[in-house]
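Chains as they are written, first to last, in numbering that gives the first Met the number 0: chain L, 0 to 546; chain E, 0 to 546.
There are 2 protein chains.
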Amino acid sequence: MKLLIVGGVAGGASAAARARRLSEDAEIVMLERGPDVSFANCGLPYYVGGEIAKREKLLVTTPERLRARFRIDVRTRSSVEAIDRRAKTVRVRNLATGAEYDESYDKLILAPGAAPIRPPLPGLELPGIFTLRNLEDVDRIKAAVDRGPGRAVVIGAGFIGLELVENFVRRGVPTTVVELQDQVLPPLDKEMTTPIVAALREKGVEVLLGQSAEAFEAGPEGIVVRLKSGESRTGGLVILGVGVRPENKLAVEAGLAVGPRGGIRVNAQMQTEDPDVYAVGDAVEVRDFMLGEPTQVPLAGPANRQGRIAADHIFGRQAAYRGTQATAVVGVFHLTAAATGASEKALRRANRPYRKIYVHPANHAGYYPGAEGMTLKVLFDPASGKLLGAQAVGGGGVDKRIDVLAVAIQAGLTVYALEEMELAYAPQYGSAKDPVNMAGFVAGGLLRGDHPQIDLEAVLGASEAERSFLLDVRGADEFAAGHIPGAVNIPVDDLRERLSEVPRDRKLAVYCQVGQRGYLATRILLQRGFDAANIGGGYKTYLLHRG
Amino acid sequence: MKLLIVGGVAGGASAAARARRLSEDAEIVMLERGPDVSFANCGLPYYVGGEIAKREKLLVTTPERLRARFRIDVRTRSSVEAIDRRAKTVRVRNLATGAEYDESYDKLILAPGAAPIRPPLPGLELPGIFTLRNLEDVDRIKAAVDRGPGRAVVIGAGFIGLELVENFVRRGVPTTVVELQDQVLPPLDKEMTTPIVAALREKGVEVLLGQSAEAFEAGPEGIVVRLKSGESRTGGLVILGVGVRPENKLAVEAGLAVGPRGGIRVNAQMQTEDPDVYAVGDAVEVRDFMLGEPTQVPLAGPANRQGRIAADHIFGRQAAYRGTQATAVVGVFHLTAAATGASEKALRRANRPYRKIYVHPANHAGYYPGAEGMTLKVLFDPASGKLLGAQAVGGGGVDKRIDVLAVAIQAGLTVYALEEMELAYAPQYGSAKDPVNMAGFVAGGLLRGDHPQIDLEAVLGASEAERSFLLDVRGADEFAAGHIPGAVNIPVDDLRERLSEVPRDRKLAVYCQVGQRGYLATRILLQRGFDAANIGGGYKTYLLHRG
Numbered sequence: 000m001k002l003l004i005v006g007g008v009a010g011g012a013s014a015a016a017r018a019r020r021l022s023e024d025a026e027i028v029m030l031e032r033g034p035d036v037s038f039a040n041c042g043l044p045y046y047v048g049g050e051i052a053k054r055e056k057l058l059v060t061t062p063e064r065l066r067a068r069f070r071i072d073v074r075t076r077s078s079v080e081a082i083d084r085r086a087k088t089v090r091v092r093n094l095a096t097g098a099e100y101d102e103s104y105d106k107l108i109l110a111p112g113a114a115p116i117r118p119p120l121p122g123l124e125l126p127g128i129f130t131l132r133n134l135e136d137v138d139r140i141k142a143a144v145d146r147g148p149g150r151a152v153v154i155g156a157g158f159i160g161l162e163l164v165e166n167f168v169r170r171g172v173p174t175t176v177v178e179l180q181d182q183v184l185p186p187l188d189k190e191m192t193t194p195i196v197a198a199l200r201e202k203g204v205e206v207l208l209g210q211s212a213e214a215f216e217a218g219p220e221g222i223v224v225r226l227k228s229g230e231s232r233t234g235g236l237v238i239l240g241v242g243v244r245p246e247n248k249l250a251v252e253a254g255l256a257v258g259p260r261g262g263i264r265v266n267a268q269m270q271t272e273d274p275d276v277y278a279v280g281d282a283v284e285v286r287d288f289m290l291g292e293p294t295q296v297p298l299a300g301p302a303n304r305q306g307r308i309a310a311d312h313i314f315g316r317q318a319a320y321r322g323t324q325a326t327a328v329v330g331v332f333h334l335t336a337a338a339t340g341a342s343e344k345a346l347r348r349a350n351r352p353y354r355k356i357y358v359h360p361a362n363h364a365g366y367y368p369g370a371e372g373m374t375l376k377v378l379f380d381p382a383s384g385k386l387l388g389a390q391a392v393g394g395g396g397v398d399k400r401i402d403v404l405a406v407a408i409q410a411g412l413t414v415y416a417l418e419e420m421e422l423a424y425a426p427q428y429g430s431a432k433d434p435v436n437m438a439g440f441v442a443g444g445l446l447r448g449d450h451p452q453i454d455l456e457a458v459l460g461a462s463e464a465e466r467s468f469l470l471d472v473r474g475a476d477e478f479a480a481g482h483i484p485g486a487v488n489i490p491v492d493d494l495r496e497r498l499s500e501v502p503r504d505r506k507l508a509v510y511c512q513v514g515q516r517g518y519l520a521t522r523i524l525l526q527r528g529f530d531a532a533n534i535g536g537g538y539k540t541y542l543l544h545r546g
Numbered sequence: 000m001k002l003l004i005v006g007g008v009a010g011g012a013s014a015a016a017r018a019r020r021l022s023e024d025a026e027i028v029m030l031e032r033g034p035d036v037s038f039a040n041c042g043l044p045y046y047v048g049g050e051i052a053k054r055e056k057l058l059v060t061t062p063e064r065l066r067a068r069f070r071i072d073v074r075t076r077s078s079v080e081a082i083d084r085r086a087k088t089v090r091v092r093n094l095a096t097g098a099e100y101d102e103s104y105d106k107l108i109l110a111p112g113a114a115p116i117r118p119p120l121p122g123l124e125l126p127g128i129f130t131l132r133n134l135e136d137v138d139r140i141k142a143a144v145d146r147g148p149g150r151a152v153v154i155g156a157g158f159i160g161l162e163l164v165e166n167f168v169r170r171g172v173p174t175t176v177v178e179l180q181d182q183v184l185p186p187l188d189k190e191m192t193t194p195i196v197a198a199l200r201e202k203g204v205e206v207l208l209g210q211s212a213e214a215f216e217a218g219p220e221g222i223v224v225r226l227k228s229g230e231s232r233t234g235g236l237v238i239l240g241v242g243v244r245p246e247n248k249l250a251v252e253a254g255l256a257v258g259p260r261g262g263i264r265v266n267a268q269m270q271t272e273d274p275d276v277y278a279v280g281d282a283v284e285v286r287d288f289m290l291g292e293p294t295q296v297p298l299a300g301p302a303n304r305q306g307r308i309a310a311d312h313i314f315g316r317q318a319a320y321r322g323t324q325a326t327a328v329v330g331v332f333h334l335t336a337a338a339t340g341a342s343e344k345a346l347r348r349a350n351r352p353y354r355k356i357y358v359h360p361a362n363h364a365g366y367y368p369g370a371e372g373m374t375l376k377v378l379f380d381p382a383s384g385k386l387l388g389a390q391a392v393g394g395g396g397v398d399k400r401i402d403v404l405a406v407a408i409q410a411g412l413t414v415y416a417l418e419e420m421e422l423a424y425a426p427q428y429g430s431a432k433d434p435v436n437m438a439g440f441v442a443g444g445l446l447r448g449d450h451p452q453i454d455l456e457a458v459l460g461a462s463e464a465e466r467s468f469l470l471d472v473r474g475a476d477e478f479a480a481g482h483i484p485g486a487v488n489i490p491v492d493d494l495r496e497r498l499s500e501v502p503r504d505r506k507l508a509v510y511c512q513v514g515q516r517g518y519l520a521t522r523i524l525l526q527r528g529f530d531a532a533n534i535g536g537g538y539k540t541y542l543l544h545r546g
């Protein structure tokens with residue numbers, strides 16, 4: 000068995016190591032275009048910021064290690080130019096010497112990754128405009144920061160874009176981030192990103208949403224970034240972080256199918272149409288685990304798993320890729336944002352029925368010092384209660400709750416299972432009723448009918464005639480400090496005595512700060528014959544939506 | 000409907016709030032013997048240490064709040080002395096006035112909790128000997144610490160015992176902890192507690208294992224604690240932390256069944272034999288979720304859930320308690336120890352077949368600063384791979400992995416599902432291959448036969464004749480720094496060239512530092528016809544077992 004692997008980072012490196020473990024006799028050749036294999040993509044922004052101080056830390060493994068330990072024939076600076084599927088060979092170009100040669104294979108694994116998109120804008124070739132993919136890129140960006148670029152302009156507020164923004168700020172570089180969409184972190188629902196935008200602005204970052212770059216020009220003080228609005232920003236450093244595109248050229252030229260967004264088509268064993276050619280990682284189209292649709296999600300964990308599965312299948316093991324949940328997390332200053340499964344907008348796009356709830360708990364017992372707040376949003380099927388997706392933003396413990404919900408989604412659990420979860424509680428770590436339990440209680444109450452809830456959008460979007468009576472059940476001081484326009488205030492503790500002030504001929508939309516008093520008030524009103532529903536997540540959710 | 004609730008802390012308070020949400024018309028009376036309701040049991044040790052600075056922080060809610068918001072008739076300092084099930088009344092004694100009266104009920108919920116065990120030892124009544132259950136106890140203990148007790152002696156190294164030890168050390172009190180068993184934290188398997196003992200000793204705590212107190216005597220420098228060994232320790236403060244006993248007196252005297260360990264017997268709806276009498280929390284016997292056996296686990300999360308379920312059932316909702324997983328976590332200085340599901344010793348006691356694996360990963364990407372190590376042990380069914388239990392000890396992220404595994408256990412997942420988990424990865428939070436994935440790979444490889452593993456106990460416990468050839472595949476420097484006695488060193492990178500040095504007529508037990516190189520070496524040897532197995536978790540696991 001001769002196995003060729005094109006690409007030596009996440010998916011390719013995992014496939015190579017797994018292949019060797021399964022077969023001592025296989026000949027395994029790894030062809031990598033760059034000078035490095037298996038480097039820490041996800042660490043690159045932190046090397047710019049100095050959090051990761053030493054460049055060698057970014058090298059997860061080396062060609063030497065792969066040779067010595069795994070007897071992989073690692074060839075760096077080796078670009079695969081073409082595949083001859085009939086002859087079962089690839090054309091390799093040695094980038095150091097320019098020499099070309101053919102290399103044969105029994106099985107071929109394509110793990111070429113995805114390349115940062117470079118939108119075809121005037122001035123794109125100016126020095127100081129970078130994308131971030133590998134160590135050579137990060138060296139250039141770091142050098143630009145070291146020189147003192149005046150200002151950095153980051154085009155694109157995705158995960159990598161914001162990680163770079165944070166690290167530029169850490170280095171004292173004034174930074175502007177420009178995002179085409181009306182929110183940062185586009186995989187998340189917009190309201191969940193409100194705290195992230197606030198944190199960026201608090202740190203002095205200029206955040207321009209619904210804005211795009213139209214052209215780049217050389218100016219005396221650096222690159223002038225012309226924006227669609229007509230404005231411009233000038234800086235010595237521009238990052239293009241507008242997404243990635245699967246490296247599918249080899250596959251396409253070899254006649255292999257790709258999806259509408261360019262991902263190489265594979266089956267659950269990571270095989271392309273050609274059973275001798277596999278593809279893994281950021282270059283492939285995957286199945287969305289929740290929606291069942293083809294999608295593309297460049298993530299390290301799935302890439303590694305896919306590499307393993309391809310090797311397993313080649314060497315006769317049972318293995319199947321179950322699809323991608325798109326579990327992701329990002330740190331932005333003191334905040335963490337994370338998600339798993341389908342977002343609300345994805346569900347809406349897919350025309351899938353869903354309900355949603357918000358809770359705003361602390362990450363651990365409030366009586367223990369250092370508790371930090373979070374907002375947790377859970378999406379679920381209105382009929383079965385099956386979990387569809389979750390997002391969280393806040394301080395500590397956000398990653399933990401999203402991991403817990405990622406497992407629940409993997410297992411096909413419902414919101415009712417969240418109520419019954421027995422999670423680890425001591426006051427430094429959680430609460431006797433964990434945020435995930437709380438989410439389960441709220442969602443379960445909604446589905447059982449004990450806790451009717453109305454989405455904020457439905458309240459605010461209703462016509463004048465159909466608008467619910469807005470009842471704010473917080474304390475008078477909280478109400479005075481800010482409330483939803485049009486609301487009337489009756490604190491929950493007084494509600495039973497003041498029911499005569501509540502209209503019986505209108506729908507009532509009740510709210511408090513986070514939803515808990517609103518829940519009790521809703522229960523009181525329902526039992527007294529009112530037509531009441533609670534605004535899920537209360538005033539805090541309103542503030543997130545208002546932005 | 001008139002509902003009486005005996006006990007106003009976790010389970011009782013949850014039942015009361017839930018009952019009110021379900022019924023505005025019910026009359027709800029809460030009878031609490033102490034002066035407080037719903038206080039933060041789990042925070043008490045941290046108030047002693049000063050981490051929680053203000054006493055009022057420990058009051059989760061107050062009688063006034065329960066009255067105003069939930070219209071609960073809260074009566075503190077009210078001890079229920081007897082239940083007349085035929086008359087459906089309880090006898091209440093007002094501890095402030097001594098007056099007694101009968102209170103009728105339609106439904107009764109018993110949530111009396113569990114009392115610290117006071118072993119019948121001579122001198123037990125001496126001043127300075129305390130148990131810790133409520134705010135009055137913690138006031139006394141804190142006062143003793145404030146006075147400067149010279150030395151504290153903590154009898155019992157369970158969760159609360161060690162939390163107190165940590166807080167005494169924080170207050171500068173020299174501390175001895177005495178534990179009857181040969182390990183601390185008895186719910187965990189012994190080897191998993193080795194790092195905790197090391198951390199305690201590092202902080203100057205004297206840890207006496209396999210030791211017990213026999214008597215207490217008044218001495219000039221404080222209480223003299225006479226130990227079984229004949230030694231003694233003297234200190235101004237002695238804590239009895241040897242466990243709790245269900246408060247079952249009321250139930251027993253009312254003719255209700257209790258289990259062999261004293262827990263009140265209830266069905267899944269938390270009903271005792273008497274359908275009008277429910278019992279919840281630390282006083283009840285629960286079903287062990289993994290083993291199916293009756294057990295007793297005093298934990299706040301389950302108590303809250305049970306209170307909710309009892310109220311649900313009383314007010315006509317479907318609800319059932321699924322049993323207790325015994326998910327628990329404790330912080331001891333910089334370390335965290337946590338567990339969920341069955342321990343190895345519980346499985347052995349129950350005569351249940353199991354296999355186990357150990358991994359020793361970092362909590363997040365090693366290339367990002369601040370990564371901390373952990374040991375994760377996973378127990379599973381050898382036939383199906385179904386998860387049976389998990390334990391972890393280490394720095395950051397231990398609680399997260401145990402929560403992830405708690406959900407997996409709840410969902411009935413197998414070790415194969417761990418391989419496929421898609422958990423949130425960015426370098427500050429995790430790894431592309433999360434510790435839980437790693438555990439899945441190791442366990443899956445074991446069950447599939449690709450990665451035969453041998454438990455350390457089997458290697459070290461074998462007779463001379465049957466002992467495996469011990470092959471250490473770490474580097475020569477690592478071997479020189481310490482190895483399992485009798486091992487021969489061939490680094491994995493050299494193994495392929497040095498196969499002639501490996502015996503073909505003996506079983507081979509291979510190991511490295513954590514198991515990963517040992518896995519590769521085992522794969523090489525198996526494919527070359529050797530009879531090899533990897534020692535799961537490698538030398539690090541050996542060190543944990545050695546203690």
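For each residue, glycine too, the CB sits at the ideal point set by N, CA and C. Remember, predicted model here, so these are calculated numbers, not experimental data.
Item                                                                                                                                                                : Value
Which same chain residues, not among the five before or five after R170 (chain E), have their C-beta less than 8 Å away from its C-beta?                            : V47, G48, G49 and V144
Using three-state DSSP, classify R68 (chain E) as helix, strand or coil.                                                                                            : helix
Give me the Cβ distance between D273 (chain L) and R90 (chain L), rounded to the nearest whole Å; I'm assuming they're in contact under 8 Å.                        : 16 Å between Cβ atoms; not a contact.
Kindly say whether K202 (chain L), judged by its beta-carbon, lies nearer than 9 Å to any beta-carbon of chain E.                                                   : no
Please name the residue, chosen from E:L412, E:E463, E:I523 and E:G229, that lies closest to V491 (chain E) on a Cα-to-Cα basis.                                    : E:I523
Applying a beta-carbon distance threshold of less than 9 Å, which residues of chain E neighbour A327 (chain L)?                                                     : A423, Y424 and A425
Does the distance from the CB of R76 (chain L) to the CB of E31 (chain L) come in under 9 Å?                                                                        : yes
Alpha carbon to alpha carbon, what distance is there between A67 (chain E) and A98 (chain E)?                                                                       : 26 Å
Give the DSSP-derived three-state secondary structure of D422 (chain E) in the structure shown.                                                                     : In the sequence on display, residue 422 (chain E) carries Leu and not Asp. Reduced to three states, the DSSP call for L422 (chain E) is coil.
What are the boundary residues of the alpha helix (DSSP H) that includes M557 (chain E)?                                                                            : Since the first and last residues shown for chain E are 0 and 546, residue 557 (chain E) lies out of range.
Measure the C-alpha to C-alpha separation of P368 (chain E) and I51 (chain L) and round it to an integer number of angstroms.                                       : 7 Å
Compute the Euclidean distance between the alpha carbons of L2 (chain E) and Q268 (chain E), then round it to the nearest angstrom.                                 : 16 Å
Rounded to the nearest angstrom, how far is the Cβ of V153 (chain L) from that of G147 (chain L), given a contact under 8 Å?                                        : Their Cβ separation, rounded to whole angstroms, is 17 Å, which puts V153 (chain L) and G147 (chain L) out of contact at 8 Å.
Work out the CA separation of A214 (chain E) and L123 (chain E) for me, nearest whole Å.                                                                            : 8 Å
In the region 134-180 of chain E, which residue ranges form an unbroken alpha helix (DSSP H) of at least 4 residues, counting only runs that do not cross its ends? : 134-146 and 158-169
Who pairs with F129 (chain L) in a beta bridge, going by DSSP?                                                                                                      : L:I238
Comparing alpha-carbon positions, which option in E:G393, E:L470, E:Q427 and E:S430 lies nearest P194 (chain E)?                                                    : E:G393
Is the CB of P111 (chain L) under 9 Å away from at least one CB in chain E?                                                                                         : no
Tell me which residues of the region 365-399 of chain L have at least one Cβ-Cβ distance to chain E shorter than 9 Å, keeping chain order.                          : G365, Y366, Y367, P368, G396, V397, D398 and K399
Hey, would you say V224 (chain E) sits closer than 9 Å to V177 (chain E), going by beta carbons?                                                                    : yes
Would you list the one or two residues that DSSP bridges to K376 (chain E)?                                                                                         : E:Y357 and E:Q390
Candidates E:V458, E:Y510 and E:A457: which alpha carbon is nearest V472 (chain E)'s?                                                                               : E:Y510
In whole angstroms, what separates the C-alpha of A416 (chain E) from that of V257 (chain L)?                                                                       : 29 Å
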